[in-house]
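Engineer: Just dropping this structure here.
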Amino acid sequence: MIEFQQASKSYRSAGQDSAALQPLDLRIEAGEVFGIIGHSGAGKSTLLRLINRLEQVSGGRVLVDGEDVTALDADGLRALRRRVGMIFQHFNLLSSKTVAANIAFPLELAGVARAQVSARVDELLARVGLNDQAHKYPAQLSGGQKQRVGIARALATGPKILLCDEATSALDPQTTASVLQLLDGINRELGLTIVLITHEMDVIRRVCDRVAVLDAGALVESGPVGEVFLHPRHSTTRRFVAEAEHLDEGELHRDMAAVPGRILRLSFFGEKTYEPLLGRVARESGVDYNILAGRIDRIKDTPYGQLTVSLVGGDAELALAAFARAGVHVEEVRR
Ligand SMILES: Nc1ncnc2c1ncn2[C@@H]1O[C@H](COP(=O)(O)OP(=O)(O)O)[C@@H](O)[C@H]1O
Ligand SMILES: [Mg+2]
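Its first residue numbered 22, the sequence shown is counted upward by one per residue in the working numbering.
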C-alpha cells in the first residue's frame, strides 16, 4: 500500500519556491492498477517520484507498506528502490549495452551471482516476449520493444510496485495497446501494484482500476474508473473524457440545436449494456429516440455504453422512470 499524507512539493529555482504539488492525501491499495491523469506540468511526475524518493517531499509524508520513505537512510533507500521498479516515456536504456545487459544491470548492482543473473534475464526476456532480441542494442529495437526492455529491467529485482511515467506516450496506438496488455498481465499474474501516469484517458480506461485527476498540482477528483469516466465532475476530468470519447462537443451541440424535445445522456454499465432496454422503454412510454451520439466499449473488463438521445413524442416522464428502474444512469442534457 502507498499512502500520501498531506504530501507536498515545491521546487526552488532562481531563488524562488514554486509549488508543484499542493498538500494531498491519497491511498493506493496493494495489487491495484492506479492511474493519475493530468495535463503537462500538473505535477504527475513529481507525485510518482515521491514514491521511490527520486524527489523528497517539502511537507507531509509518503508511506510505502507502512514505511515512511521520507525518513529513509541510504541503506533503506536502496532497499526501497529494489521494491519499487520504474519505467519511463523515453525508456532510459543504456545505449552501449545489449538488451540482456540492460536487464542484467540492476541485478549486478544488487550483487546477484553471475550464474543466477543469466537465468533471471532469460526468464524476464520470456515474460516480455523478447527472447530472440537478447543480443541486440537498443538502437536496433522499435519503441515498443525498447519499452519491453524497460519493463524487464524494472522487474529484475522482483519489485512489488511498478511506477510508469508516461510509459506509452511515445508509442503509436497499436504498440500502446500491446504494452498496456503486458502491464495488465504483470498486474494480474505477478500481483504487482502499478501506478501509472498519463495525459490520455484512454490509457486509464483500458488498464486502471482507480484514477485520480491532477490539475495544477491539486488532486481534483478520484474514484473507480467506471465512475469517474461515466460521471466526471470536475471540468478538467470532463475534458479528458470528451477527448477519449472523440466527442466533438461543437458538432454535438449543433446536432442538438437541430432537434426538438428533451435530450438525455444514458449511461449503461456492466451487463445492462447488452440488454434491449431502449425498445422496452419505448414500448412502455410511447417515446421514440433520435440518437445524436453514442459509444459502446469497455472500461478494463466491464462493458459500458453511453448514448445521447432526444426523446420524440410519448410520455418522457414515464421513460425517465423506466430507465431509472432499469439502473441506467440518466443525465438531462436539455429539458
Ligand atoms: N526539478 C525541477 N525543478 C524545478 N521545477 C520543476 C522540476 N521538476 C518539475 N518542476 C516543475 O513542477 C511542475 C510539475 O512538473 P511535473 O511533475 O514534471 O509535471 P507533469 O509530469 O505532470 O508534466 C511544473 O511546473 C514543472 O516545471
Ligand atoms: Mg511528467
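By construction, the Cβ of each residue, glycine as well, lies at the ideal position given by its N, Cα and C atoms.
A quick note: this is a predicted structure, and the numbers were derived from the prediction, not measured.
(1) Please list the terminal residues of the continuous beta strand (DSSP E) segment that includes K30.
(2) In terms of residues, what are the limits of the alpha helix (DSSP H) holding T323?
(3) At a cut-off of 6 angstroms, is T119 close to ligand 1 when judged by its beta-carbon and the heavy atoms of the ligand?
(4) With a threshold of 16 other CB atoms inside 10 Å of the CB of Q166, please say whether the residue is buried or exposed.
(5) Hey, how far is the Cα of V142 from the Cα of R169?
(6) What's the C-alpha gap between Y32 and N123?
(7) Which one or two residues does DSSP pair with P159 in a beta bridge?
(8) Give me, in chain order, the residues of the same chain whose beta-carbon lies closer than 7 angstroms to that of S79; leave out the 5 immediate sequence neighbours on both sides.
(9) Buried or exposed for L130, please, with buried defined as at least 16 other CB atoms from any protein chain shown within 10 angstroms of its CB.
(10) Excluding the 5 residues preceding and the 5 following T329 in the sequence, name in chain order all residues of the same chain whose CB lies nearer than 6 angstroms to its CB.
(11) With 16 as the cutoff for other CB atoms within 10 Å, does E264 come out buried or exposed?
(12) Grab the span of the alpha helix (DSSP H) containing G164 for me, first residue to last.
(13) Can you have a look at D322 and say buried or exposed, based on whether 16 or more other CB atoms are within 10 angstroms of its CB?
(14) On the CB-based measure, 16 or more other CB atoms within 10 Å of its CB, does G87 come out buried or exposed?
(15) Given a cut-off of 7 angstroms, decide if V262 and G56 are closer than it, judged by their beta-carbon atoms.
(16) Within 6 angstroms: the Cβ of T67 and any heavy atom of ligand 1?
(17) Look at the Cβ atom of R283, then the Cβ atom of R356, and state whether they are nearer than 7 angstroms.
(18) Enumerate, from N- to C-terminal direction, the unbroken beta strand (DSSP E) stretches of 3 or more residues contained entirely within the stretch 177-231.
(19) Within 10 angstroms of its Cβ, does R102 collect 16 or more other Cβ (buried), or is it exposed?
(20) By a C-beta neighbour count over all protein chains shown, 10 Å radius and 16 as the cutoff for buried, is P281 buried or exposed?
(21) Hey, T258 and V234: beta-carbon distance below 7 angstroms or not?
(22) List the whole-angstrom C-beta distance separating A63 from D236, where the pair is believed to meet the contact cut-off of C-beta under 8 angstroms.
(23) Can you look up F290 in the DSSP assignment and give me helix, strand or coil?
Structural biologist: With the structure as the only source:
(1) Counting from one through the sequence shown, the residue named residue 30 turns up at place 9. I23 to S34 is the span of the beta strand (DSSP E), which, as asked, contains K30.
(2) Your numbering for residue 323 matches position 302 in the sequence shown. No alpha helix (DSSP H) holds T323; the beta strand (DSSP E) holding it covers T323 to V333.
(3) Reading the sequence shown from its first residue, position 98 is the one you call residue 119. Outside the cutoff, so no.
(4) As a first step, residue 166 is located in the sequence shown; it is residue number 145 there, counting from the start. The residue is buried, with at least 16 neighbouring Cβ atoms inside 10 Å.
(5) The sequence position of residue 142 within the sequence shown is 121, counting from 1. The sequence position of residue 169 within the sequence shown is 148, counting from 1. V142 and R169: Cα-Cα distance of roughly 13 angstroms.
(6) Position 11 of the sequence shown holds residue 32. Position 102 of the sequence shown holds residue 123. Cα to Cα, Y32 sits roughly 32 angstroms from N123.
(7) Translated into the one-based positions of the sequence shown, residue 159 becomes position 138. DSSP output for P159 lists no bridge partner at all.
(8) Here residue 79 refers to the residue found at position 58 of the sequence shown. Cβ within range, chain order: S29, K30 and S31.
(9) Reading the sequence shown from its first residue, position 109 is the one you call residue 130. L130 is exposed by the Cβ-count criterion.
(10) Here the question's residue 329 lines up with position 308 in the sequence shown. Closer than 6 angstroms at Cβ, skipping near neighbours: R286, L313 and A314.
(11) If you number the sequence shown from 1, residue 264 lands on position 243. Counting Cβ neighbours within 10 Å, E264 comes out exposed, since fewer than 16 surround it.
(12) Looking up residue 164 in the sequence shown gives position 143. Segment G164 to L176, the alpha helix (DSSP H) holding G164.
(13) Position 301 of the sequence shown holds residue 322. By the 10 Å Cβ count, D322 comes out exposed.
(14) Residue mapping note: residue 87 aligns to position 66 of the sequence shown, counting from 1. When all chains shown are included, G87 counts as exposed.
(15) Indexing the sequence shown from 1 puts residue 56 at position 35. Indexing the sequence shown from 1 puts residue 262 at position 241. Between G56 and V262, the CB-CB gap reaches or exceeds 7 angstroms.
(16) Walking along the sequence shown from the start, residue 67 turns up at place 46. Yes.
(17) Position 262 of the sequence shown holds residue 283. Position 335 of the sequence shown holds residue 356. Yes, the pair counts as a contact, with Cβ atoms nearer than the cut-off.
(18) Restricting attention to beta strand (DSSP E) runs no shorter than 3 residues, the stretch 177-231 encloses them at 182-186 and 214-219, ordered along the chain.
(19) Counting from one through the sequence shown, the residue named residue 102 turns up at place 81. With 16 or more other Cβ atoms within 10 Å, it is buried.
(20) Reading the sequence shown from its first residue, position 260 is the one you call residue 281. Around the CB of P281, fewer than 16 other CB atoms lie within 10 Å, so the residue is classed as exposed.
(21) Taking the sequence shown and counting its residues from 1, one reaches residue 258 at position 237. Taking the sequence shown and counting its residues from 1, one reaches residue 234 at position 213. By the CB criterion at 7 angstroms, T258 and V234 fall inside the cutoff.
(22) Residue numbering aside, residue 63 sits at position 42 when the sequence shown is read from its first letter. Residue numbering aside, residue 236 sits at position 215 when the sequence shown is read from its first letter. Contact holds; Cβ gap of about 6 angstroms.
(23) The sequence position of residue 290 within the sequence shown is 269, counting from 1. Note: F290 maps to strand in three-state DSSP.
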